[in-house]
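S.K.: The structure under discussion is supplied below as structure tokens; questions concerning it will follow.
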Amino acid sequence: MSDTTAPAVELSGITKRFGDVVANDGVDLTVERGTVHALIGENGAGKTTLMSILYGLYDPDGGEIRIDGEPRAFASPRDAIDTGIGMVHQHFELVDTMTVIQNVILGQEPTANGLVDEDSARATIEEVCDRYGFDVDRYLDDRIEDLGVGVQQRVEIVKSLYRGADTLILDEPTAVLTPQEVDELFEVMDELTASGRSLIFITHKLDEALTIADEITVLRDGEAVGTVDAADTTQQELARMMVGREVLFERPDRKSTSGDTVFEADSLRVMGDRGIEQVRGVDLSVRAGEILGIAGVQGNGQSELIEALTGIRTPASGTIRYQGRDITEMKRRDRIEAGIAYVPEDRHTDGLVMDYNLVRNALLGNQTIKPYVTGGFIDWEAVREHAEDIVSGYDVQPRDTQAVAESLSGGNQQKFIVGREIEHDPTVMVASHPTRGVDIGSIEFIHNRLIELRDAGLAIVFVSSKLEEIQKLSDRIAVMYEGEFTDVVDPADVTEEDLGLLMAGGGSGRESTETADAKDAEATGGVGS
């Protein structure tokens, strides 16, 4: 019989090896009943491996798992689920073409007379939703693909609760949510812990860990370096525990002024893969020595806009100009050679060839450029030196240019891509979610490089769904909703709540920088630049 006074979860001395790599090295973790326990650490610190062991995806090489005081061994996620462990993955495990109710009961369908008893399932789901204040029950007959990400996430939580989860693992649950949706999620988490359930909250966002967690455990290099009470620590202390040094959080002072417009788009319309208009008449301009941040919840046209700006997707109409020249029909290869660099949204699909080593990946984008290619032949020695310069100059670990890309952590993959693009010596940098899924040390490194590029006179278009990141780096922020810019604002004069309202399609109640510039121009008889 389980001990109801014991912690909900106890991991003692958990060790996991993959060949010569020690992913978890004697990790201890105790999650008290009815609490939120945040788990933070850099990429490669061992968070995912540790939770995969708890959820039955991996067998530990050493250590013990105790649930409610009882030793447990999980051969599969089914064993973990049957013991009361649920997991909401960062990338939702839902079937888009099925309805909400079909997704929730999938694999756990109640039956009556040999048939699925949907009425019984519906009643159980409605009871769960009513108990925790979910609004998911009104979507039960809607298909997943027709719902927003916030609702899809709640469906995942309801699915775990339907299966009887007492302990829920939430893997980066706020990554694709607006601030308002984050607040709603935190309310749900409060309801869950008030009912006695326990939550393990994996996050890269230190402010969120401090807001919602009772305790925080920090992993570094596969080891648990400490567990602290959230009420007794700070972002700076957590960052120091994560990376072993001080980390800068404040918005840096500008060391340069912006120049002439370098990159612009007028009345840009772009169609998506399904032939539906995703970008609706967007006007955009960015000057030398300026970072234009584009904020928005994923799926509001940012991807299609960036693909049009970089030459990957042809606009349906409108004009793109670079240094005053119409490049609307210019191919991606020609834009690279003209000086338009691109850090893509998906580093695995668009940034790297995962089974190539770093030398071959360093050639990407340089296949026609001297000194890497001369007379139609690749100079592999020049490419190797280029790869070594990237690895050394951008602190890519391990410092082995023969390592294949897939063997690197996400942060090191991203640093390699950023380094390769910067070394093209561009005039414009388009960076789409450059720190997505990246640890705090790599985030700081990439931020510093972008600021250095801006101060050196580059025009930068920067897309992110992280509001604190947008506010820290941007000189102007354009907020995108349903394919349009709802406003262009000054980051110094707007709050995260204002941005969240704009991202959800509402007004911030503040005057935009575009409107302010127009009024100033009218008052002086001139035209705002």
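Okay, so the sequence shown: first residue is 227 according to our numbering, each after it adds one. Beta carbons: idealized from backbone N, C-alpha and C, even for Gly.
#1: May I ask which residues mark the beginning and end of the alpha helix (DSSP H) holding residue 668?
#2: CA-CA distance, residue 553 and residue 700?
#3: Kindly give me the distance between the Cβ atoms of residue 268 and residue 469, rounded to whole angstroms, as I take these residues to be in contact under 8 Å.
#4: Would you check if the segment 594 to 606 and the segment 659 to 673 touch, i.e. whether three or more CB-CB distances between them fall below 8 Å?
#5: Taking Cβ to Cβ, would you say residue 377 is nearer than 9 Å to residue 351?
#6: Going by the DSSP bridge assignment, what does residue 658 pair with across the sheet?
#7: Just checking my contact of residue 514 with residue 683 at CB under 8 Å: how many whole Å lie between their CB atoms?
#8: Using DSSP with H/G/I as helix, E/B as strand and the rest coil, what is residue 592?
#9: If you drop the 5 nearest sequence neighbours on each side, which residues of the same chain put their C-beta closer than 8 Å to that of residue 266?
#10: Taking 7 Å as the limit between beta carbons, can you name the residues of its chain near residue 385, skipping five residues before and five after?
#11: Does the distance from the CB of residue 404 to the CB of residue 655 come in under 9 Å?
#12: Among 322, 240 and 244, whose alpha-carbon lies nearest the alpha-carbon of residue 290?
#13: Can you grab the Cα-Cα spacing for the pair residue 581 / residue 630, in whole Å?
#14: From residue 387 to residue 702, what distance separates their C-alpha atoms?
#15: Going by DSSP, name the residue or residues bridged to residue 538.
#16: Would you report the Cα separation of residue 398 and residue 381, rounded to the nearest angstrom?
#17: Measure from the alpha carbon of residue 658 to the alpha carbon of each residue in 640, 307, 602 and 665, then state which is nearest.
#18: Taking only the alpha-carbon atoms, compute the straight-line gap between residue 255 and residue 724 and give it to the nearest angstrom.
#19: Can you tell me whether residue 263 is buried or exposed? The criterion is at least 16 other CB atoms within 10 Å of its CB, across all chains shown.
#20: Can you name the residues that DSSP bridges to residue 297?
#21: For residue 570, which residues in the same chain have their Cβ closer than 7 Å to its Cβ, ignoring the five residues on either side in sequence?
#22: Short of 6 Å in beta carbon distance, which residues of its chain neighbour residue 726, apart from the five on each side in sequence? Order them along the chain.
#23: Below 6 Å CB to CB, which residues in the same chain sit around residue 745 once its five sequence neighbours on both sides are set aside?
#24: In the DSSP output, what is residue 634 paired with across the bridge?
#25: For the beta strand (DSSP E) containing residue 759, name the first residue and the last one.
#26: In this structure, does DSSP put residue 386 in helix, strand or coil?
#27: Let me make sure I understand the geometry here. Which of 506, 246, 628 and 548 has the alpha-carbon closest to that of residue 528?
#28: Hey, quick one: how far does the alpha helix (DSSP H) through residue 279 stretch, first residue to last?
#29: Determine the burial state of residue 647: buried for a count of at least 16 other Cβ atoms within 10 Å of its Cβ, exposed for fewer.
#30: What is the DSSP secondary structure of residue 316, counted as helix, strand or coil?
#31: Work out the CA separation of residue 706 and residue 495 for me, nearest whole Å.
#32: What is the rounded straight-line gap between the Cα of residue 710 and the Cα of residue 277?
#33: Tell me the rounded alpha-carbon separation between residue 250 and residue 275.
#34: Out of 285, 559, 562 and 510, which one is the CA nearest neighbour of residue 546?
#35: Would you call residue 713 buried or exposed, if buried means 16 or more other Cβ atoms sit within 10 Å of its Cβ?
#36: Would you call residue 504 buried or exposed, if buried means 16 or more other Cβ atoms sit within 10 Å of its Cβ?
M.R.: In brief:
#1: 666 to 681
#2: 25 Å
#3: 6 Å
#4: no
#5: no
#6: 689
#7: 5 Å
#8: coil
#9: If we look at residue 266 and ignore the five residues flanking it on each side, its Cβ neighbours are 273, 428, 429, 430, 432, 435, 442, 443, 444, 445, 464 and 468.
#10: 329 and 330
#11: no
#12: 240
#13: About 6 Å.
#14: 43 Å
#15: Secondary-structure assignment with DSSP links residue 538 through no beta bridge to anything.
#16: So the two alpha carbons sit approximately 16 Å from each other.
#17: Per the Cα distances, 640.
#18: 38 Å
#19: buried
#20: 292
#21: 576, 577 and 658
#22: 404, 405 and 406
#23: Here residue 745 scores only 38 on pLDDT, less than 50, and its place in the model should not be relied on; the value that follows carries that caveat. So no residue of the chain qualifies.
#24: Beta-bridge pairing links residue 634 to no other residue.
#25: Lying outside 227 to 755, the shown extent of the chain, residue 759 is not represented and no answer is given.
#26: helix
#27: 506
#28: Residue 279 -> alpha helix (DSSP H) spans 273 to 280.
#29: buried
#30: Three-state result, residue 316: coil.
#31: 14 Å
#32: 39 Å
#33: 7 Å
#34: Of the candidates 285, 559, 562 and 510, the residue whose Cα lies closest to the Cα of residue 546 is 510.
#35: buried
#36: buried
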